[in-house]
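Each residue of the sequence shown is one higher than the one before, starting from 897 at the first, in my numbering. Cβ atoms here follow ideal geometry from the backbone N, Cα and C, with glycine treated the same way. Read the structure below first, then the notes.
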Amino acid sequence: MTVRTDPLERAAARSARLEERIAASPERFRVLTGDRPTGPLHLGHLLGTLANRVRLQRAGVEVFLVIADYQVVTDRDLVGTLAQNVREVLLDYLAAGIDPSTATIFTHSAVPELNQLLVPFLSLVTVAELQRNPTVKAEAAASGGSAPGALLLTYPVHQAADILFCRGNVVPVGRDQLPHLETTRLVARRFNARYAPSAPLFPEPEGLLSEVPVLLGTDGAKMSKSRGNAVELRATEDKTRRLLGRARTDSERTVTYEPERRPAVASLLLTAASCTGRTPTDLADEIGDRGAAALKAVVVEAVNEHLRPLRRRRRELAADPGHLRDVLAAGNRRATGIAADTLDRVRTCMDMAY
Ligand code: TRP
């Protein structure tokens, strides 16, 4: 008899075991993850991934964060806004608690040796493998009819370079990024088998799925930087109130937590629950038949309260652009040193050390 399990369930089980190994010996792990600088980060990022990165950092794991500026040009036309967006993401990281004295924050474009890894790595995968990647397919389809650039096809391999240049072995990811992680593992495996069979150079990094529920935006669709449906971390309390005041609910008066039947209401409850540490059912019971207005008031209060210290730090950091420049310059320098060392080893393995 064959037992079939869902790949996502298996990934979740692997993540749980990985959490235990990290807790037992954090110094054996190096996290690499990052974001595309397409705009300021929002509450979904904080609850979904940022808080998790800060948790790992505090547990003693070394954290590398790539602000993936070359990835932005795979499918977007944001000419002229990149520097500002990089600054916003950097501010969000630091305000959320990423500590630049232990974490390394860098941008793709500032680390040439990382990008050079793309050349040998591209030789290790086939065009057909890249064309089958579900995320690449989805993003190509979403590119609005315009023909996708060649960089879109190769970007999972670029991501492999992001992870492997620093020999990252833990990648906290959302589900949509799992196929890319598989590409990274494939590249690592094939490189080792072909060029370093007796002493493997690259680890096969493991994905760490966060347990956080996916929150919907105020329009009931997935939270996204470009839809304007999410509370930006940098937003004022007033703006937060206005945005959440417009959030979709439904026509039933009594507030209940029923994620399947009432997704918009459930997502608001989950948002407040994530910010307060209470359960969504508990909050729903408390609001009861006071309806959507009372629910929104609870959510606004919970979100603003939760974000208050982060927003205060963010304002202080924003007032010191010199410090921000220094943090990024130091991160770029450190990433470049590591990437140069990795590239040297790659050259040696490939018999290109002349
Ligand atoms: N692709 C990721 C995103 O769109 C960002 C990213 C770039 C990344 N390089 C990475 C994530 C390496 C994890 C590991 O959000």
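Point to revise | Per-residue DSSP class, three states only, for K1118 | key: strand
Q: Could you tell me whether any non-hydrogen atom of the ligand TRP is closer than 7 Å to the CB of L952?
A: no
Open item on the list: Looking at the strands, I want to know which residues DSSP matches up with G1103.
Closed with: V1067
Proximity below 8 Å, CB of V1083 to CB of L1020:
yes
How big is the Cα-Cα spacing for P1171 and Y1250? As written in the sequence, residue 1171 is Cys, which differs from the Pro given in the question. Whole-angstrom Cα-Cα distance: 56 Å.
Which residues DSSP lists as bridging T1003, in chain order: I963
- Candidates L1111, R1204 and T1136: closest to A1169 by CA position: L1111
### Task
List in chain order the residues whose CB is within less than 7 Å of at least one heavy atom of the ligand TRP.
L928, T929, G930, D931, R932, V962, A964, Q967, Q1055, D1058, I1059, V1067, V1069, Q1073 and H1076
Closest residue to D1134 among A1180, A1117, R1204 and E1100 (Cα-Cα distance): R1204
query = What is the DSSP secondary structure of V927, counted as helix, strand or coil?
reply = strand
* Asked: Looking at V968 and N1228, is the spacing between their C-beta atoms short of 8 Å?
  -> no
Three-state class that DSSP yields for L1010 in the structure shown: helix
- Query: Excluding five sequence neighbours on each side, which residues of the same chain lie with their C-beta closer than 6 Å to the C-beta of Q1055?
  - Reply: H1076
- [ ] Would you give the residue range spanned by the alpha helix (DSSP H) that Y1051 belongs to?
- [x] A1046 to L1060
Quiz item: Around the Cβ of A999, are there at least 16 other Cβ atoms within 10 angstroms (buried) or fewer (exposed)?
Solution: buried
Can you tell me where the alpha helix (DSSP H) with H1202 in it begins and where it stops? G1187 to A1214
**Asked** By a C-beta neighbour count over all protein chains shown, 10 Å radius and 16 as the cutoff for buried, is S1163 buried or exposed?
**Response** buried
(request) Return the chain-ordered list of same chain residues with a C-beta closer than 6 Å to the C-beta of R1209, the five sequence neighbours on each side being excluded. (result) A991
- prompt: To the nearest angstrom, how far is it from the Cα of A1190 to the Cα of E1009?
  reply: 54 Å
What would DSSP say about L1097, mapped onto helix, strand or coil? coil
Exercise. Can you tell me which of V957, H1004, R906 and D1216 puts its alpha carbon nearest to the alpha carbon of G1064?
Key: V957
Handout entry: Enclosing alpha helix (DSSP H) for T1232 [first to last residue]
Key = P1217 to C1245
- [ ] Since I believe N1088 is in contact with P1052 (beta carbons under 8 Å), could you give me their beta-carbon distance rounded to a whole number of angstroms?
- [x] Their Cβ separation, rounded to whole angstroms, is 18 Å, which puts P1052 and N1088 out of contact at 8 Å.
Item to check | Reference G1233, options V1067, F1061, T1114 and R1186, closest by Cα | outcome: F1061
Practice item. Can you check DSSP and say which residues form a bridge with H938? Key: E1128
On a Cα-Cα basis, can you pick out the residue from T1080, G1116, T1136 and L1139 that is closest to D1146? G1116
- Task: Using 10 angstroms around the beta-carbon of K1033, count the other beta-carbons present and answer buried if the total reaches 16, otherwise exposed.
- Result: exposed
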